[in-house]
Amino acid sequence: MGPLSREAWAQRLGAFRMSPSTFMAGAESEDLGRDLLSDLRNEKLSEPTKVSLLALSLEYPDKLWPDALAAEAAATFLLDTLLLLPPRPSALRRPLLLAATTTLLVGGALSPTSGASCRLLPLLLGLALGRDVGRGFGPTSEQRLLQATACECLRELESCKPGLLRGSLGLLRSLSGQAGPIQPLSMLLALVLRNTLVVQSRSGAGLQDLLVAGVFSPGGGSWDWTLAEEADDQLLPQTPSWPAAEKEPGLAGLEPSPEEARELRAAVAQLLDTSYLLTTVAQAQLLWLLGWALRGLRGQSPVIFKPQLARLLGTAQVTLLHSVLALKAAFGEALFTAQDEALLLRRLTLAAQHPALPSPTHLFYLHCLLSFPENSPLGLEGEEAAPLLLGHQLCRSLMPDLLNDPMAFLARLHLLCLLCAEDEEQEKGQVPSPRQYLLELLAGLRQRAALDGSPQDLATLCFQASYLVASCLAMQPSVVKPLIHGLSQLYRARPLLAPRFVDLLDRVGPELGRPLKEVLWQEVVTRPGKGEALCCHLQILEKVAEGGAHRATLNFLQAAAIHCTDWGRQQALLRVCQALLRTGGGDGLADLLQGLARQLEDPDGRDHARLYYSLLVHLAGPKLRVALGPSLATPALASSLVAENQGFVATLMVQETPPPIRLSVEPHRAKGPLPMLQLQVEVLDPAYSLELRFCVQGQLYAPLKAIHIPCLCPGRPAHPLYLPLQPRRPAPAQLHVQALYTTPTGLTCHAHLPPLTVNFANLFLPFPQIPKGSERDFFERLWDSCLPKGVESCVWCPLGPQGLEALVSHHLEPFVVVAQPPTSYHIAICLPPDSMLLLRLEAAQVDGVPVVLRTNDWDLLPLAGDYIRGLAAC
Amino acid sequence: MAQRAVWLVRHEPGTPVCGTVRFSRRFPTVEKRAKVFNGASYVPIPEDGPFLKALLFELRLLDNDKVFVESRDSCSRINKTSVYGLSVGGEELWPVVAFLKNGMIYACVPLVEQTLSPRPALISISGISQGLEFLFGMQDFLYSSQKNDTELNTKLSQLPDLLLQACPFGTLLDANLQNSLDNIGFASVTQPQKQPAWKAGTYKGKPQISISITEKVKSMQYDKQDIADTWQVVGTVTCKCDLEGIMPNVTISLNLPTNGSPLQDILVHPCVTSLDSAILTSSSLDTMDDSAFSGPYKFPFTPPLESFSLCYYTSQVPVPPILGFYQMKEEEVQLKILVNLKLHESVKNNFEFCEAHIPFFNRGPITHLECKVSFGQLEVFREKSLLVWIIGQKFPKSMEISLSGTVTFGVKGHNKQPFDQICIGSTAYVKLHFRILDYTLTGCYADQHSVQVFASGKPKISTNRKLISSDYYIWNSKAPAPVTYISLLP
């Protein structure tokens, strides 16, 4: 492919960014890396376009050059491009350095044997140290920017290959005191210093003369490949997470001589002293890095950080305060006395609710409060707890209220729960009592969740708060009792929240779970409902109904069965029975199941009821539980028995699936005593014992019989299906279709098909037994019989180019009684149960024919009119 | 301490996907480290499409989010921070720092330098605060002085170049992106060694300093025996220092008049070099007494080039500027309302504007209104079910004004009238909006003569002050109202 224009590149990069994997799977993918490199030297492209190409290579080098070989070649090309740039200012030098570094690192090509590495490293170090790297490398005005960039590149190299720059530590140190941009040099030095300390302590070696300036040799030699060569697990966390880091041996292996210790202290002090010149995020990194580097190092007192702390505690900059907390975690009492700790805690509490700070910061500080690294922690490691020094006074301003946003509310509620959990006795003197306040808050939440049409978020918050309180204060009856009472009220007000109640029951412990089940059960069985409420009740009952089946439960189910007219509800009802079976059955259950086996409308429901009945009367309790197995919702055990049972349960359950077939209504020649719908079947998936159920809306027709088909396979021709219709009124209708079938794997499935439309013409039947020879008399008799009860009307029937004869033969042929083609037709249509439609089509003109119609049924008039007017268009 | 990737997502409710990724940047060298550190628990950064879908789902920002989804809405899945786990391709990507602001979702994934199972506490992950700062930085850049979509698009198109400066490898170098933009411009200038990294260059021109103090007052008034009214002042001191030299030193003192209210909860800008311990410890968390430090509050600092917030404070003034009560009762088909407002005599009676908004939630449109105001005018927004009482520039001599009348409502239209989850039944409020120029409620002022500047030339110093209302609520005293814990204290 030749060089691309700016627009073409923009388009190509856009397509790539949209979905790199899709792009790379396409035809253009292979050339992308190559084209990108070659166009970097294309003089027709502007610098901004080239920068955007380099930006892509910074983000996706692994996609462009997936292996070490390709990465090495690409990096070499990038370095060559760098050298070929004319000696005037250019926006490309910086991204080229970044891209070469990224490509080598990500491609895994960085090694002493790699040519590109051996060119890049001395170049970067030379630039970083502000030395002349030769060959007129950019104008002097750009030097400072490139020096900073080189430092960043080296820092990234050192991050990915710790110890690589160990040999240059002295050089860097000597430089950082003199010239050059302060931030990049300080950050690089801090990282190299830290890594050197860790690497030396691991290998048991001392600091030797590493801290003192070495000699710079442009040809290399100051690179330490020993560690870089080793496996990736040598990576060192720069900012280790405690408490994991606390368990590490630290730098105990390092035993610096007094001389070395002094040098080290001086190096650290120098970095800290100039840290105010760094941006706040860089300051935070520096403190974090140096803090954890010096932790546990002999001869280094953390007091060196103290002057920084006084300055930092005044700000609430999130990175800075976070780094102070990291120092706190690293050094504890050695850096923070009890008073210091109290002050830090106060500042943190203050920041966690200061109106001038944004909400994500508040939330983070609240988290920090509950995970505060205390000098002498009492609680379990890793568990959130209110720090000891955080008394009620400090907490006051962190109490939740209903105006908080959900996350802030939950965070504050957790704190309140922890306070309530602390000491029941202590609270007695307090007005208002935190516990009372907590209960009022929960009541407020429930009131909002109970509102009809209130958003889902409010319900979610209400249940999360209830769960949080239940898990923190489960042992306190003064909290649990009102909570349970409130929840049962909530269910009464809004049974639609049933799935959330089931979820809550699944999560909470027995202290709340058991009594809550009890009150919900009471709530359900004493308030039977219909419609949606009944579904919710059944859902709850499945969860809360216990074995030894209470008479009340059985009565409820018995009463509910009458309202369970559709398949879904019947299944819900049977699931409750199943739950009862699992938990021990009970006397009346057998009667109920037997009743259901007769009473339920749906054959599937009847089958299930019969099966459960058989299981109940034939199996003893424990076996019954095994046979019914765990429900699919509970986590499966790794036992083969359980797995088998799950299979059993799966075969018993009817699964909802996408339809295995497609149905369409075909035109059909009417005959016989009833209108018949001819259905064409298109098979999508194999289905056995298929039962198609049809249901018509509005009782226009008598209930329709189901159609049974033993087997359907895709690819094999399927016979058309005939569905007889028994209209109660001759009107078009929509048929709802459900399919119940078995898959080849033996699972029973259930699917809803798109509804079918029965047109007016589908209901037409010819008059039977017209006496041969006296058709005209027969028609005239019918014609006269329509009036006076019926109606006569005249409709204009537009004709297409084929004319009247074609129209009649196409649409009305079976119903023609008297015909004088091509000009006159007398047509009689029978519409069960007892309507008729008579048409006289005479004196056709070029574009239409006047139709005189009579019918004995006024209701047919609009339908007939529409039908006739629409004939030509069909 | 690095980020694996960062995104800007525009939330677009009503569109098929409900959002678009406006900007994204991945950092492959950090990703490589993540793979090693996270080990078996490593989950790769997804492509933009799947990420967008998972993010919107988790933040409940999809249009069809109205049903209960256990994996997200379960009561035990409690999220108390802006850090999320996103389900992507059957695995969970964690930690994702994300928040929604002005229709834009800011998101990033910080590097965690250890295994993710068990999850380490957020406090011990340095990348979390860095990620937050990064996202705030982007937000400031996008929305400072940005007025329309065109400007937003311009700023978005600048981001790739800016991030090349501010975050070339995923480790944030400067959260102030505007600074990075200026840095590109200043690149050719040779900088001396002690040039701070947060200052792109040096100012050349007439020396001047402007200091503005903005106080916002918020209040919750109940007019009830057992619930105490609450109010609080939040102050922001903003500075712009145009001074020559690399590191000019400035000290600004904030003073209070003799009866002024002490400043508390003071947070300062990181450029402030030292703080008096009295400033550090003066806090609203303590019970007040007469010994509270009342200034002068000295802030020595080295200013950055741009305008910045030198400090924030809160204060507890003895009385709210406007004290009022609101009585609303439902009488058959109509509401009877009575609002009374009284300006405290100590407050400057010269407003830029002063209005009382009386909204009626969860009801139909206003069909009939009979109202009398003792002062000012009343505007009616029938469809929005809102009354706005325009009080104007001054309270009358008596300092006390009232509104009384009856309101009747029509049938509630679908989604036309405002819904509120707090104002159920007769729970209702009046919200005050006002602004007073050249005035602070605490009395706090920056004395021009006490500003010390250690730089060449005598700068021109300008100061200004203003008081603004914010969340100033007066609740219906005839119905329950949301209370804070503090208002229940005896």
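Going line by line, the protein sequences match chains Z and L.
As numbered in our numbering, residues 358 to 1231 make up the first sequence, in order.
As numbered in our numbering, residues 66 to 555 make up the second sequence, in order.
Glycine included, each C-beta is placed from N, C-alpha and C at the ideal position.
For residue i, the residue or residues it bridges with in DSSP
i: K220 (chain L); result: For K220 (chain L), which the question treats as bridged, DSSP gives no partner whatsoever.
i: F390 (chain L); result: L:N405
i: W1153 (chain Z); result: Z:P1207
i: V1173 (chain Z); result: Z:I1184
i: C1052 (chain Z); result: Z:H1093
i: Q399 (chain L); result: L:E396, L:T473
i: L1036 (chain Z); result: Z:V1022, Z:L1078
i: V314 (chain L); result: In the sequence on display, residue 314 (chain L) carries Asn and not Val. In DSSP, N314 (chain L) forms a bridge with L:F519.
i: F1196 (chain Z); result: The sequence given here places Leu at residue 1196 (chain Z); Phe does not occur at that position. Answer is Z:I1184, Z:L1210, bridged to L1196 (chain Z).
i: N529 (chain L); result: L:S277
Test item: CB-CB of residue i and residue j under 9 angstroms
i: T236 (chain L); j: Q642 (chain Z); result: yes
i: K212 (chain L); j: M764 (chain Z); result: no
i: I539 (chain Z); j: Q260 (chain L); result: yes
i: P1189 (chain Z); j: P1123 (chain Z); result: no
i: L1104 (chain Z); j: Q956 (chain Z); result: no
i: Q204 (chain L); j: K166 (chain L); result: yes
i: E875 (chain Z); j: V901 (chain Z); result: yes
i: F494 (chain Z); j: L502 (chain Z); result: no
i: N1119 (chain Z); j: H1025 (chain Z); result: yes
i: C140 (chain L); j: F820 (chain Z); result: yes
Per-residue contacts from residue i into chain Z (C-beta, under 9 angstroms)
i: P365 (chain L); result: By Cβ distance, chain Z contributes nothing, its closest Cβ being about 11 angstroms from P365 (chain L), past 9 angstroms.
i: T146 (chain L); result: P717, L720, F721, L723, H724, M764, A768
7 angstroms Cβ cut-off: residues of chain L touching residue i
i: L635 (chain Z); result: A262
i: W599 (chain Z); result: S189
Neighbouring residues, chain Z, relative to residue i (Cβ below 7 angstroms)
i: M66 (chain L); result: Q595, T596, Q642, W645
i: R91 (chain L); result: E416
i: P233 (chain L); result: L455, E509
Pick from the options that is closest to residue i, judged by C-alpha positions
i: P322 (chain L); options: L:Q195, L:L434, L:G508, L:S439; result: L:G508
i: F364 (chain L); options: L:A546, L:D351, L:Y378, L:E371; result: L:Y378
i: L532 (chain Z); options: Z:A624, Z:S471, Z:T459; result: Z:A624
i: V865 (chain Z); options: Z:I841, Z:P885, Z:E880, Z:L735; result: Z:I841
i: P524 (chain L); options: L:E216, L:L532, L:S515; result: L:S515
i: A1059 (chain Z); options: Z:V1040, Z:P1084, Z:L1047, Z:S1046; result: Z:P1084
i: A448 (chain Z); options: Z:E499, Z:A365, Z:G465; result: Z:E499
i: R523 (chain Z); options: Z:A505, Z:T506, Z:L554; result: Z:L554
i: P519 (chain Z); options: Z:R551, Z:L759, Z:A505; result: Z:R551
i: L453 (chain Z); options: Z:S754, Z:V1175, Z:L481, Z:L542; result: Z:L481
i: C336 (chain L); options: L:C376, L:S342, L:D351; result: L:C376
i: L461 (chain Z); options: Z:I1018, Z:V826, Z:P791, Z:C510; result: Z:C510
i: D1141 (chain Z); options: Z:N1213, Z:G1160, Z:D489, Z:I1186; result: Z:N1213
i: G801 (chain Z); options: L:A546, L:N529, L:R530, L:I539; result: L:A546
Residue i: contacting residues in chain L (beta-carbon distance under 8 angstroms)
i: H679 (chain Z); result: I188, S191, I193, S194
i: H711 (chain Z); result: D330, L332, Y377, T379
i: G671 (chain Z); result: I331, L332, V333, V337, L340, I344, L345
Chain Z contact residues for residue i, given Cβ-Cβ distances below 8 angstroms
i: Y537 (chain L); result: None at all; the shortest Cβ gap to chain Z is about 13 angstroms.
i: Y43 (chain L); result: Any question about residue 43 (chain L) goes unanswered here, given that chain L covers just 66 to 555.
i: Q486 (chain L); result: R805, L808, S811, P812, L815
Within chain L, partners of residue i - CB distance below 9 angstroms
i: H771 (chain Z); result: I143, K145
Worksheet item: Do three or more CB pairs link the region 541-552 of chain Z to the region 622-637 of chain Z at distances below 8 angstroms?
Response: yes
Discussion item. When you compare the region 484-499 of chain L with the region 292-311 of chain L, are there three or more beta-carbon pairs, one atom per stretch, that lie closer than 8 angstroms?
Written reply: no
Worksheet item: Do the region 667-674 of chain Z and the region 168-185 of chain L make contact, defined as three or more Cβ pairs closer than 8 angstroms?
Response: no
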